[in-house]
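These notes are about the structure you will find just below.
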Amino acid sequence: VTFASSVLPRSGTSGAMVKSKKKVVLITGCSSGIGLSLAVMLAKDEKKRYRVIATMRDLNRKDKLVEAAGDAYGKTLSLAVLDVCNDESVKQCVNDIKGRHVDILINNAGIGIVGPVESITIEEMQAVFETNVFGVIRMIKEVMPDMKKRRAGHIIVISSVLGVQSLSALVCLVFAGVGFHDVYAASKFAIEGFCESLAVQLMMFNIKLSLIEPGPVRTDFEIKMIQEVKERECPGADPETVHYFKNLYLPSAINIFLAVGQTPKEISKVSFQAVYFSASLFIYLFRNLTNSLYAPIVALKYADESGDLSVNFFYHMLFNLGRQESTFSLRPRVNLSEKLN
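In my numbering, the protein residues as written are 8 to 348.
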């Protein structure tokens, strides 16, 4: 599931010239979590190869970032206001950058939602897509024309393993970390589809596009979301679904994050490598799973083109585990062309 390609320097561009100039890195969603960790990691790069512009909707939430940045703040790291859901905010942020020059765009801002789909309003679903999909697209649309003119740039999207295999989430290990992520998974599938298509076009302009795909991440964002969900009444959902959600998923969710979740720093290291390999070694990976544990589970999706294998497997692992009457089997493969004939 990892696709790699080598991108060589354009003719007339020396390696020394590439290394001597700081790369301008624009990162969204830096008030906490992965965005904060990655902004600090790049700003504190020992070789000082990057000038980081860390953004957030509300600069009143800058204290954690400023403290973590230390001496890098004001030198290799600066702050800017940015709301990825607002066209004018996006345009103003990029316009404020000298020459609108962004070498590396890292789309990190995102929101999550979990629960029975019947109990999630359309407005709540739209809010998730507004940030996770259209927010990313706004940012890409704003920097892409300038990158095309320069025939250089790197766009990185912090996606999710749920954008590759919506049923994965390490269910083989924890049995309950899957399900009830329908809307969030849909938003990640949407942006991954967008990026897979766009990446091919951008190659003509020497612009790289990379996906970073974490699984559970131990952040305040994740834990807070799970805790808030406990207060939900799940209106519109049937009692059986609510039972599974309340008594199977929620009691296990926090333990899952603590047991197998990665830290923001671990995710940032993978993202940092994507930046470094592309800028310094001229090697770039399109898809970057942050944890090798996900690889077999993701591969399960592609082992059977009908989809039965993964859907049935995860259903039995989640809902039928331990039931004596449960047997795991696939429907016989049907050749539709033969049936039609």
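Positions of the beta carbon are idealized from the N, C-alpha and C atoms, including for glycine. The structure presented is a predicted model; accordingly, all values stated were derived computationally and were not measured.
#1: Check each candidate in F196, V277, R145, Y80 and name the one with the smallest Cα separation from T35.
#2: At a cut of 8 Å, does the stretch 130 to 148 reach the stretch 251 to 260 through at least three beta carbon pairs?
#3: For the beta strand (DSSP E) containing N114, list its first residue and its last residue.
#4: One question on the structure: do V190 and I233 come within less than 8 Å of each other, judged by their Cβ atoms?
#5: Can you list, in chain order, the stretches of the beta strand (DSSP E) that have 3 or more residues and sit fully within the stretch 111 to 160?
#6: If you reduce the DSSP assignment to three classes, tell me which class K215 lands in.
#7: Give me the Cα-Cα distance between A76 and Y322, rounded to the nearest whole angstrom.
#8: If we count Cβ pairs, one from each stretch, closer than 8 Å, do we get three or more for the stretch 150 to 163 versus the stretch 212 to 227?
#9: Note down the Cα distance separating E229 from N262, rounded to an integer number of angstroms.
#10: What is the C-beta distance between N295 and L218, in whole angstroms, given that I count them as a contact (C-beta under 8 Å)?
#11: Whose C-beta lies closer than 7 Å to the C-beta of F252 among residues of the same chain, with five residues either side of it excluded?
#12: For a test of the three-state rule: what should DSSP assign to V267, helix, strand or coil?
#13: Measuring CA to CA, which of K55, M48, E53, G106 is closest to L72?
#14: When the Cα atoms are used, what is the spatial distance from D52 to K82?
#15: Is it true that the CB of A87 sits closer than 8 Å to the CB of I60?
Considering the structure as presented:
#1: Of the residues F196, V277, R145, Y80, the one whose Cα lies closest to the Cα of T35 is R145.
#2: no
#3: 111 to 114
#4: no
#5: Segments of the beta strand (DSSP E) lying fully in the stretch 111 to 160: 111 to 114.
#6: Here K215 sits in strand by DSSP.
#7: Taking the straight line from one Cα to the other gives about 45 Å.
#8: At 8 Å Cβ cutoff, the stretches touch.
#9: 12 Å
#10: 6 Å
#11: G122, P123, F187, C241
#12: Three-state result, V267: helix.
#13: M48
#14: 12 Å
#15: yes
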